[in-house]
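Residue numbers (my numbering), protein chains in the order written: chain A, 1 to 130; chain B, 1001 to 1120. Here a beta-carbon is modelled for each residue, glycine too, at the ideal position from N, C-alpha and C. These numbers were taken from a predicted model, which means no experiment stands behind them. Scroll down for the structure; my scribbles are underneath it.
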Amino acid sequence: MRFSILVLNSPTAAQAGDSAWAFARAAVDAGHELYRVFFYDEGVAHGSLLATPAQDDVDRQARWVELAEQQGADLVLCIASAVKRGVLDSGEAQRHEKPGASAHPAFELSGLGQLVDAHINSDRLVTFGR
Amino acid sequence: MAAKSLLLVFRRPPYGRSLSRAGYDVALAAAAFEQPVSLLFLDDGVWQLLPEQRADAIGARSISRTLESLPLYDIDNLYVDSESLAQRALVPDALVEAATPLDAAAVRELMARHDQVLVF
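Take a look at the structure:
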C-alpha cells in the first residue's frame, strides 16, 4: 500500500511527529511505500535548518531525512505555514529580503496542492497531531 | 486529474489555535483541484458553526466569513454531529443553516464512504 503522512505539530511541542515517524518506519519495514510527508501548520518546524536538538536528545529531523532518502519520498513543508514561522528556502529568503535561508535543503517548500496530490496518489493519507 | 472524495473533520473550537483555519485552507485547495470535499463538525468543532461570531474582538479572522464563502468553491456538503450538539446544549436551528445534523450511525457511514479522512 502507498502511504502519505500529514504532520501538524512541531517536534518540540508534541509527540505527534515521533508517532508519525514510527508509523512511517513501521509501514516501510512492512513492505509498504512512503510517497510523501507533508508538514503543515506548526509541523513545519521539522524543516528548520537552524534548530539544534540537545546532544542527549533524538535528532528528529535527521531520521526523517534518512527515511525519505531511503524511500525516495518527498518531505514537503507547506510554504504559507513555513514562511510565517521563519522557515524559508533561499528563494523565499530573497523574495522577502531576509538575511538567509533557514529551511533544511532536504525539505521542499510548496503549496497545499502537494497535500491534495498526496490525497489523490496515496492509498492512505494519515494525520498526526492536533 | 483523478477525483477522490475527501472528508475534513473539524474537532476543535474555532479560535485559540491556528489549526481550524488550516483545515479550511485544505478544503479550499482540494476544491480548487476539483476533489469532492465534505466537512464534518464534531466535538468542540461544532462551535465553528455558530452565527454572528465577532472574531475581531480578539484580533482574529472570522471563521463565519470563511464558512459563507464555501459555496463559491462548490463545497456544499457540511455535516454536524447531533450528539456533539446535544452535549453542548446547542440545537441545529442555532447554527448556520448549511450544516446537516447526523446521528452517530450516519457519521460512521459518512466516514466509511469517503476515500480519505483528515482531522483538524
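Range of the contiguous beta strand (DSSP E) that encloses residue 124(A):
124-128
Within the same chain, show all residues whose beta-carbon is closer than 7 Å to that of residue 1113(B), passing over the 5 residues directly before and after it, in chain order.
Excluding sequence neighbours, residue 1113(B) sits near nothing in its chain.
Near residue 1111(B), which residues of its chain fall below 7 Å by C-beta distance, leaving aside the five closest residues on each side in sequence?
Around residue 1111(B), the same chain offers 1007 and 1117 as residues with beta carbons nearer than 7 Å, after the five sequence neighbours per side are excluded.
DSSP bridge partner residues for residue 108(A) (one or two, in chain order)
76(A)
Of the choices 119(A), 121(A), 110(A) and 13(A), whose alpha-carbon is the least far from that of residue 60(A)?
13(A)
Return the residue from the list 15(A), 5(A) and 122(A) that minimises the CA-CA distance to residue 39(A).
5(A)
Inter-residue CB distance, residue 1074(B) and residue 1004(B) (contact presumed, cutoff 8 Å):
Rounded, the Cβ-Cβ distance is 16 Å, inconsistent with contact.
Would residue 20(A) and residue 7(A) qualify as a contact pair, given that the criterion is a beta-carbon distance under 8 Å?
yes
With distances taken between CB atoms, is the gap from residue 1096(B) to residue 1070(B) smaller than 8 Å?
no
Counting only the same chain and skipping the five closest in sequence on each side, list residues whose C-beta sits under 6 Å from that of residue 1038(B).
1007 and 1077
Looking at the structure shown, is residue 40(A) part of a helix, part of a strand, or coil, going by DSSP?
coil
How big is the Cα-Cα spacing for residue 90(A) and residue 1104(B)?
49 Å
Classification of residue 1029(B) by the beta-carbon crowding that lies within 10 angstroms, buried from 16 upward:
buried
Anticipated Cβ contact below 8 Å, residue 1013(B) with residue 1047(B), distance rounded
5 Å
Can you pull the chain B neighbours of residue 40(A), defined as C-beta to C-beta under 7 Å?
1022
For the alpha helix (DSSP H) containing residue 1069(B), name the first residue and the last one.
1063-1069 is the span of the alpha helix (DSSP H), which, as asked, contains residue 1069(B).
Mind checking if residue 58(A) is an interface residue toward chain B, Cβ cutoff 8 Å exclusive?
no
Less than 8 Å between CB atoms is the rule here; does residue 125(A) satisfy it with respect to chain B?
yes
Can you pull the chain A neighbours of residue 1006(B), defined as C-beta to C-beta under 7 Å?
119
Whole-number beta carbon distance between residue 80(A) and residue 103(A), since they are thought to touch under 8 Å:
Rounded, the Cβ-Cβ distance is 14 Å, inconsistent with contact.
Compare the Cα-Cα distances from residue 44(A) to each of 1084(B), 1018(B) and 1080(B) and report the closest residue.
1018(B)
Tell me the residue span of the alpha helix (DSSP H) that contains residue 1033(B).
Neither: residue 1033(B) is in no alpha helix (DSSP H) and is coded neither H nor E.
Find the residues of chain A that neighbour residue 1067(B), judging by a C-beta separation of less than 7 Å, and give them in chain order.
Chain A residues near residue 1067(B): none, gap ~19 Å exceeds 7 Å.
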